[in-house]
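There are 2 protein chains.
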Amino acid sequence: MGDVKVKNMEEFAALSGISRPTVSKYFNDPGSVRASTRERIEAALEQYDYRPNIFAMNQNRKLTKNIGIVVPNVGDPFFAEIARNIEQRCVASGYRPTLFSSHGEADHEVDILDTLRSLKPAGVLLAPLGRASDRSAIEKFCDAVPTVLFDSNLNDIGLSFVGSDNPQFSRLIVDYLCRTGEPPCFFEMKNPANPNANRRRQGYIQAMEELGHTPSIVQVDGQGWDFEEIGRREGGRALERKAITSNTVLCSNDRLAIGLLTACFENGIRVGRTPDCAIRVAGQDDHPFARYTCPPLTTIAQDYEAISRHAVETLFRAIDGKAGPRDTILFEGRLVMRDSA
Amino acid sequence: MGDVKVKNMEEFAALSGISRPTVSKYFNDPGSVRASTRERIEAALEQYDYRPNIFAMNQNRKLTKNIGIVVPNVGDPFFAEIARNIEQRCVASGYRPTLFSSHGEADHEVDILDTLRSLKPAGVLLAPLGRASDRSAIEKFCDAVPTVLFDSNLNDIGLSFVGSDNPQFSRLIVDYLCRTGEPPCFFEMKNPANPNANRRRQGYIQAMEELGHTPSIVQVDGQGWDFEEIGRREGGRALERKAITSNTVLCSNDRLAIGLLTACFENGIRVGRTPDCAIRVAGQDDHPFARYTCPPLTTIAQDYEAISRHAVETLFRAIDGKAGPRDTILFEGRLVMRDSA
DNA sequence: TCAAAAACTTGTCGCGCGTAAAAAAATTAT
DNA sequence: ATAATTTTTTTACGCGCGACAAGTTTTTGA
Chain C
1 MGDVKVKNME
11 EFAALSGISR
21 PTVSKYFNDP
31 GSVRASTRER
41 IEAALEQYDY
51 RPNIFAMNQN
61 RKLTKNIGIV
71 VPNVGDPFFA
81 EIARNIEQRC
91 VASGYRPTLF
101 SSHGEADHEV
111 DILDTLRSLK
121 PAGVLLAPLG
131 RASDRSAIEK
141 FCDAVPTVLF
151 DSNLNDIGLS
161 FVGSDNPQFS
171 RLIVDYLCRT
181 GEPPCFFEMK
191 NPANPNANRR
201 RQGYIQAMEE
211 LGHTPSIVQV
221 DGQGWDFEEI
231 GRREGGRALE
241 RKAITSNTVL
251 CSNDRLAIGL
261 LTACFENGIR
271 VGRTPDCAIR
281 VAGQDDHPFA
291 RYTCPPLTTI
301 AQDYEAISRH
311 AVETLFRAID
321 GKAGPRDTIL
331 FEGRLVMRDS
341 A
Chain E
1 MGDVKVKNME
11 EFAALSGISR
21 PTVSKYFNDP
31 GSVRASTRER
41 IEAALEQYDY
51 RPNIFAMNQN
61 RKLTKNIGIV
71 VPNVGDPFFA
81 EIARNIEQRC
91 VASGYRPTLF
101 SSHGEADHEV
111 DILDTLRSLK
121 PAGVLLAPLG
131 RASDRSAIEK
141 FCDAVPTVLF
151 DSNLNDIGLS
161 FVGSDNPQFS
171 RLIVDYLCRT
181 GEPPCFFEMK
191 NPANPNANRR
201 RQGYIQAMEE
211 LGHTPSIVQV
221 DGQGWDFEEI
231 GRREGGRALE
241 RKAITSNTVL
251 CSNDRLAIGL
261 LTACFENGIR
271 VGRTPDCAIR
281 VAGQDDHPFA
291 RYTCPPLTTI
301 AQDYEAISRH
311 AVETLFRAID
321 GKAGPRDTIL
331 FEGRLVMRDS
341 A
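Quick note, the sequences are listed as chains C and E, same order.
Under this note's numbering, the residue at position 71 of the first sequence is numbered 71, and the numbers go up by one with no gaps.
Under this note's numbering, the residue at position 187 of the second sequence is numbered 187, and the numbers go up by one with no gaps.
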């Protein structure tokens, strides 16, 4: 295709036989020019190697085609997966997504929003850290840039929130666990970084009470985002001091569950739903690795697909000026039965 | 700090009492102006809310402060971790890193390099897909942009390659496994996507022969990057058809090993180094999840730290015009003894 | 102290493109 | 065919900054 290098739009316009402003219009929105001229431009695009200078393009445009994607931690395969999904949708719609990871630090999250502002993005998809986030900084950012929150909600901030119906997650799995064995106790961190954890706890309590059981919550120490290690270390301690009151443990999330499974293994406690097992363990999220634990982890799958699709669609609607009022869209989870519970 | 919004450098220069060209110099390199003027500028920076327009800055600069980081797959926690490490080093040196993931697809890898070229980056740190990569496209890119390869080498392409001494990995762990039990067979994919796999196989063969054992290689089918699933499915089949000839299995990488552990569990085969276990399994990489498998995975740790540090330093040296000849820097692995072998 | 060197100021140009207004051309409708 | 409408062209300006040259001030060093 591209043979000769063309250095600017002026030159390219001359070569394609179209005026520069029209070529400019084409690059802003190919659909805004007549079909016949679009074809001529695209024919020239095949012949010559020209791409508009991205910096010059964005300099005078109030709104760029940039989309920011911010997640708490790309190292967590859950976020990596949903980010990938969102990325693809943005590209498919002609936008330029850029991925940022807060790495679990509120300071860094603010830095990212700061950087992002200078990129003049058309919109941002933000999964906040949660409790640790600098709420006012994020609020200020959302006032300036169309932002859709996902995964973790901050009340009344942003255009919309798209996430999972966390209480439903807990209800669903509590129901399953009670039907198939002893009612579960709930295993979580004392100060969960993520607000979803609170909703899951509430959902657990409610579901237990509705089924006529007494909720039992095991809260363990631990700071930060190294959930597997916290699950292993503190789960191990809890097992040793007999703090786990049921033979069935529902973990606040899969990563804690993965750590707890390791703790069980280290303590020689057999996990599973067969009679020869001492304990059942379930998680929530359907983490990409949940399939490969030993035993494979029974969990609730988040609807990655629906969340990313809806988040992107909501953002694009807002960018196109068709924003509705701020709403909260929650997707239900799906029970994934494996061998751990 | 920032109270009044300042719209451009002209205005900011007037407010700070310094001429615009000098302010411009400051933003290019704070160290290039006299200490006293630097202080005056920084004082003004505290008082007023001004940040240079990033698009205008980069438009006329031949070299920007952008650094591209490209990994095959951010969903793999190994790459997520090394990317985070590299990112931090770039920021610390005053550069603006941007993370891209090829998502395992060569087309996407080329698209990323294409996008990257229009970002006029000062340099790029690239972990290629490997065998699947479009070699000529990458070569062309490297001719235009200072690029350091890491993790996976493409001969003679780029400024330098920084990675692990893969044959040493295999030698180290083969030695350990032979000292502590039956000599291992080698478990890998038939057509490994990553060239490191070949070097690990070679290292295995050499180490076995040096120790007077006959190498035994188990190659299984499987395409793509879903290594855990391949390890589980094909590992399970290999176990069933008794293709695993030793009671000790060295996997080409941790992700395959994680899948194989699941397969062992599914088939009721006890893994570990105690007498009551039927099989020992070891991996290579020290994947972030290797600590949490059941049993925890014995493996060889890549030196993340050294690799990312050296890759970044090599790139910066080249950017500063102090590039040496193309060299290949390999770091040794460290044996991490856990319970699986 | 005085000259040489370094740092800063003033002024001016250009980068590549967005954008706006008015005129011209092409398409569509009557 | 003519009028109404849509699209394109022409012309011109501006964005915010990098870069350069020539002149001025400050610092450095012996």
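Yeah, the Cβ is synthetic: ideal placement off N, Cα and C, and Gly gets one too.
It should be emphasised that the depicted structure is a prediction, and the values quoted were computed from it without experimental measurement.
Chain E within 8 Å of residue i, Cβ atoms only
i, result
"C/Leu-63", "no"
"C/Thr-262", "yes"
"C/Pro-195", "no"
Any chain C beta carbon closer than 8 Å to residue i
i, result
"E/Phe-12", "no"
"E/Ala-43", "no"
"E/Ile-258", "yes"
"E/Pro-121", "no"
"E/Pro-30", "no"
"E/Phe-150", "no"
"E/Arg-232", "yes"
Listed by chain order, chain E residues near residue i by CB distance under 8 Å
i, result
"C/Arg-273", "Per Cβ cutoff of 8 Å: no residues; C/Arg-273 is ~14 Å from chain E at best."
"C/Asn-58", "Phe-55"
"C/Pro-167", "Simply none; closest approach about 28 Å."
Under 9 Å from the C-beta of residue i: neighbouring residues of chain C
i, result
"E/Ser-101", "Val-74, Ala-80, Ala-83, Arg-84, Glu-87 and Leu-99"
"E/Arg-20", "Residues of chain C passing the Cβ test: none, with the nearest at roughly 17 Å."
Chain C contact residues for residue i, given Cβ-Cβ distances below 8 Å
i, result
"E/Leu-177", "Within chain C, no residue comes near E/Leu-177; the closest Cβ sits about 21 Å away, beyond 8 Å."
Burial state of residue i (16 or more Cβ within 10 Å)
i, result
"E/Ser-136", "exposed"
"E/Leu-177", "buried"
"C/Glu-240", "exposed"
"C/Thr-293", "buried"
"C/Ala-257", "buried"
"C/Ala-35", "exposed"
"E/Arg-326", "exposed"
"E/Glu-188", "buried"
"E/Ile-99", "The amino acid at residue 99 of chain E is misidentified as Ile; the sequence shows Leu. E/Leu-99 should be labelled buried."
"E/Thr-274", "exposed"
"C/Arg-201", "buried"
"C/Pro-121", "buried"
"E/Asp-320", "exposed"
"E/Glu-342", "The structure shown has nothing for residue 342 of chain E, since chain E only spans 1 to 341."
Contacts of residue i in chain E (Cβ-Cβ under 9 Å)
i, result
"C/Glu-228", "Pro-288, Phe-289, Arg-291 and Tyr-292"
Partners in chain E for residue i, counting only beta-carbon separations shorter than 7 Å
i, result
"C/Phe-265", "Cys-294 and Pro-295"
"C/Ser-118", "Arg-51 and Ile-54"
Chain-ordered neighbours of residue i on chain C, where CB pairs are closer than 7 Å
i, result
"E/Pro-77", "Gly-75 and Pro-77"
Near-chain C residues of the segment 287-300 of chain E (beta-carbon distance less than 9 Å), N- to C-terminal order: Hits within the stretch, in order: Pro-288, Phe-289, Arg-291, Tyr-292, Thr-293, Cys-294, Pro-295 and Pro-296.
contact_flag[the segment 35-55 of chain C, the segment 247-264 of chain C] where n(CB pairs < 8 Å) is 3 or more: No: the two stretches stay apart, fewer than three of their Cβ pairs being nearer than 8 Å.
Could you say if the segment 298-307 of chain E and the segment 163-172 of chain E meet the contact criterion of at least three C-beta pairs nearer than 8 Å? In this structure the segment 298-307 of chain E touches the segment 163-172 of chain E; the number of beta carbon pairs closer than 8 Å is three or more.
Could you say if the segment 255-271 of chain E and the segment 139-149 of chain E meet the contact criterion of at least three C-beta pairs nearer than 8 Å? No, they do not touch.
Are the segment 308-317 of chain E and the segment 81-92 of chain E touching, with three or more C-beta to C-beta distances below 8 Å? With the rule of 3 Cβ pairs closer than 8 Å, the segment 308-317 of chain E counts as touching the segment 81-92 of chain E.
Please confirm if the segment 118-128 of chain C is in contact with the segment 144-159 of chain C, defined as three or more CB-CB distances below 8 Å between the two stretches. The segment 118-128 of chain C makes contact with the segment 144-159 of chain C, as at least three CB pairs between them are under 8 Å.
Does the segment 50-70 of chain C come within contact of the segment 103-117 of chain C, defined as at least 3 CB pairs closer than 8 Å? Output reads yes: the segment 103-117 of chain C touches the segment 50-70 of chain C.
Meets three-Cβ-pair contact criterion under 8 Å: the segment 73-87 of chain E and the segment 27-34 of chain E: Output reads no: the segment 27-34 of chain E does not touch the segment 73-87 of chain E.
Are there three or more Cβ pairs, one per stretch, closer than 8 Å when the segment 203-216 of chain C is compared with the segment 225-236 of chain C? Contact between the segment 203-216 of chain C and the segment 225-236 of chain C is absent, because fewer than three Cβ pairs lie under 8 Å.
Is the segment 280-294 of chain E touching the segment 48-62 of chain E, taking contact as three or more C-beta pairs under 8 Å? No: fewer than three Cβ pairs fall under 8 Å.
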